[in-house]
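Residue numbers (this note's numbering): 325 to 641.
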Ligand SMILES: [Zn+2]
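Here it is in structure tokens:
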């Protein structure tokens with residue numbers, strides 16, 4: 325699972341500084357990761373993940389959220405290496421200048437002159453992450469990165485209307501106007517999505533507005549899922565068969581969301597549970613290994629752990 329692919333070479337600094345999924349991976353690192361996967365795994369189409377005859381584990385590549393760099397930077401690499409891929413779109417963001425909330429938060433943290441932010445103004449810290457309600461310093465680049473991560477962890481578990489209220493509060497505290505549009509990194513428009521589809525990308529849905537389906541009430545969750553699938557189908561004049569739950573954790577989906585994904589006609593849906601998929605997995609909650617953001621060692625560790633998780637007891641030591 326990827327998000328952004330960045331044009332900068334991995335040795336260059338990012339300008340403006342990007343945080344978390346905003347940063348993505350650089351095109352050269354992305355290509356090295358795909359070449360590594362090709363050495364050890366067999367590339368498969370998103371809708372044909374399990375190949376009965378093969379003893380080599382398969383892999384596929386997915387992108388979430390619909391960044392234009394997926395077309396400009398990732399697609400040529402994948403096409404050259406003959407690796408199929410899928411992309412999961414937020415139908416009501418395609419072709420717009422709207423920011424996702426983590427990008428609005430990113431701009432606030434990038435642009436402020438404040439030296440710290442009180443994270444407790446966002447809400448309660450999750451006690452399980454061991455944090456207290458201390459002020460988060462914003463003096464260095466790494467402190468700003470950590471503040472973005474910490475606040476994102478909190479917002480990721482809040483309802484959309486509360487997220488928007490929290491962003492206004494943070495903006496006020498940091499003395500920076502909140503920017504909900506005017507993106508730093510463009511999203512795909514529908515013509516570009518059609519280009520990707522024509523080049524063989526599997527185009528799936530990711531909710532209309534990236535809402536947290538676990539916190540949405542059943543009718544909201546159903547509307548988010550159905551609107552995103554029908555919106556994409558209307559634009560592509562083709563069936564949508566795949567879905568990825570926004571945020572992808574267990575807390576980020578509900579039975580109503582699963583039912584809606586099925587009702588919308590999707591046959592495969594993906595979470596962000598970081599392990600390898602097996603034939604025993606339910607088709608509407610298939611895991612994915614995220615390779616967005618972290619350094620190469622973390623990626624290697626995640627791939628290794630996913631691979632070990634599928635070695636059967638008979639074959640394994
Ligand atoms: Zn997403």
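C-beta: ideal position from N, C-alpha, C; glycine also.
*Cα separation between residue 354 and residue 387?*
Position 30 of the chain shown, counted from the start, is the residue given in the question as residue 354. Position 63 of the chain shown, counted from the start, is the residue given in the question as residue 387. Distance between the alpha carbons of residue 354 and residue 387: 12 Å.
*For residue 539 and residue 490, the rounded distance between their alpha carbons*: The count along the chain shown starts at 1 and reaches residue 490 at position 166. The count along the chain shown starts at 1 and reaches residue 539 at position 215. So the alpha carbons of these two residues sit roughly 16 Å apart.
*In terms of residue numbering, what span does the beta strand (DSSP E) encompassing residue 460 cover?*
Walking along the chain shown from the start, residue 460 turns up at place 136. For residue 460, the uninterrupted beta strand (DSSP E) run begins and ends at 459 to 461, by DSSP.
*asked:* I'd like to know if the region 589 to 599 and the region 568 to 577 are in contact, where contact means that at least 3 CB-CB pairs between them fall below 8 Å.
replied: yes
*Sort 343, 565, 599 by Cα distance to residue 625 and report the nearest one.*
Mapped onto the chain shown, residue 625 falls at position 301. Closest by alpha carbon: 599.
_What does DSSP give as the partner residue(s) for residue 391 in the beta ladder?_
Against the chain shown, residue 391 aligns to sequence position 67. Note: residue 391 sits in a beta bridge opposite 511.
*Would the C-beta of residue 400 count as close to ligand 1, meaning under 7 Å from any of its heavy atoms?*
In the chain shown, the residue the question calls residue 400 occupies position 76. No, the Cβ of residue 400 stays beyond 7 Å of every heavy atom of ligand 1.
*Terminal residues of the beta strand (DSSP E) in which residue 567 lies*: On the chain shown, residue 567 is found 243 positions in, with the first residue counted as 1. Residue 567 -> beta strand (DSSP E) spans 566 to 568.
*Can you check whether the CB of residue 370 is closer than 8 Å to the CB of residue 382?*
Counted from its first residue, the chain shown places residue 382 at position 58. Counted from its first residue, the chain shown places residue 370 at position 46. Cβ atoms of residue 382 and residue 370: not closer than 8 Å.
*Please report how far the alpha carbon of residue 602 lies from the alpha carbon of residue 634, in whole angstroms.*
For the purposes of this step, residue 602 is identified with residue 278 of the chain shown, where counting begins at 1. For the purposes of this step, residue 634 is identified with residue 310 of the chain shown, where counting begins at 1. The straight-line gap from Cα to Cα measures roughly 7 Å.
*Considering only residues of the same chain and omitting the five flanking positions on each side of residue 630, which have a CB-CB separation below 6 Å?*
For the purposes of this step, residue 630 is taken as the residue at position 306 of the chain shown. For residue 630, where only same-chain residues beyond five positions count, the Cβ hits under 6 Å are 599, 600, 613.
*asked:* Using C-beta distances below 7 Å, list every residue in its chain close to residue 325, excluding the 5 sequence neighbours before and after it, in chain order.
replied: The residue you call residue 325 lines up with position 1 of the chain shown. Only 386, 388, 596, 612, 613, 614, 615, 616 meet the Cβ criterion.
*Between residue 505 and residue 559, what straight-line distance do the alpha-carbon atoms span, to the nearest angstrom?*
In the chain shown, the residue the question calls residue 505 occupies position 181. In the chain shown, the residue the question calls residue 559 occupies position 235. For residue 505 and residue 559, the distance between alpha carbons rounds to 23 Å.
_Length at least 4, wholly inside the region 549 to 583: the alpha helix (DSSP H) runs in chain order_ = none
*asked:* Measuring only the C-alpha atoms, how far is residue 550 from residue 406?
replied: If you number the chain shown from 1, residue 550 lands on position 226. If you number the chain shown from 1, residue 406 lands on position 82. Distance between the alpha carbons of residue 550 and residue 406 is about 32 Å.
*Closer than 6 Å by C-beta to residue 480: which residues in its own chain qualify, once you throw out the five before and the five after it? Chain order, please.*
Residue mapping note: residue 480 aligns to position 156 of the chain shown, counting from 1. Around residue 480: 571.
*So the beta strand (DSSP E) residue 642 belongs to, where does it begin and stop?*
No answer is possible for residue 642: the residues shown for the chain start at 325 and end at 641.
*Taking residue 465 as the reference, which of 332, 341, 622, 410 has the closest Cα?*
As a first step, residue 465 must be located in the chain shown, where it is residue number 141. It is 341 whose Cα lies nearest to the Cα of residue 465.
*Under the criterion of a Cβ to heavy atom distance below 7 Å, does residue 364 qualify as lining ligand 1?*
Along the chain shown, read from residue 1 onward, the residue named residue 364 stands at position 40. The answer is no for residue 364.
_Residue of 402, 390, 391 minimising C-alpha distance to residue 368_ = In the chain shown, counting from the first residue as 1, residue 368 sits at position 44. Answer by Cα proximity: 402.
*Does DSSP put residue 501 in a helix, a strand or coil?*
Your numbering for residue 501 matches position 177 in the chain shown. DSSP places residue 501 in coil when its eight states are reduced to three.
*Under 7 Å from any heavy atom of ligand 1, does the C-beta of residue 570 make it?*
Sequence index remark: in the chain shown, residue 570 carries index 246 (1-based). At least one heavy atom of ligand 1 is nearer than 7 Å to the Cβ of residue 570, so yes.
_N-terminal and C-terminal residue of the alpha helix (DSSP H) that residue 642 is part of_ = This structure does not reach residue 642, given that the chain is present from 325 up to 641, and the question cannot be answered.
*Classify residue 604 as buried or exposed, calling it buried when 16 or more other Cβ atoms lie within 10 Å of its own Cβ.*
In the chain shown, residue 604 corresponds to position 280, counting from 1. With fewer than 16 other Cβ atoms within 10 Å, it is exposed.
*Hey, could you find the ends of the beta strand (DSSP E) residue 526 is sitting in?*
Counted from its first residue, the chain shown places residue 526 at position 202. From DSSP, the beta strand (DSSP E) with residue 526 extends over 526 to 529.
*Is any heavy atom of ligand 1 found at a distance shorter than 7 Å from the C-beta of residue 506?*
One-based indexing of the chain shown puts residue 506 at position 182. Checking every heavy atom of ligand 1 against the Cβ of residue 506, none is found closer than 7 Å.
*CB of residue 534 to nearest heavy atom of ligand 1: below 7 Å?*
Residue mapping note: residue 534 aligns to position 210 of the chain shown, counting from 1. Yes.
*asked:* For the alpha helix (DSSP H) containing residue 402, name the first residue and the last one.
replied: In the chain shown, residue 402 corresponds to position 78, counting from 1. Counting along the chain, the alpha helix (DSSP H) containing residue 402 begins and ends at 399 to 405.
*Integer-rounded CB distance, given that residue 346 should sit under 8 Å from residue 430*: If you number the chain shown from 1, residue 430 lands on position 106. If you number the chain shown from 1, residue 346 lands on position 22. Between residue 430 and residue 346 the beta-carbon gap is near 5 Å, inside 8 Å, which marks them as a contact.
*Contacts around residue 426, its chain only, beta-carbon distance under 6 Å, and the 5 residues preceding and following it disregarded*: On the chain shown, position 102 is the one that residue 426 refers to. Cβ neighbours of residue 426 beyond the five flanking positions: 476.
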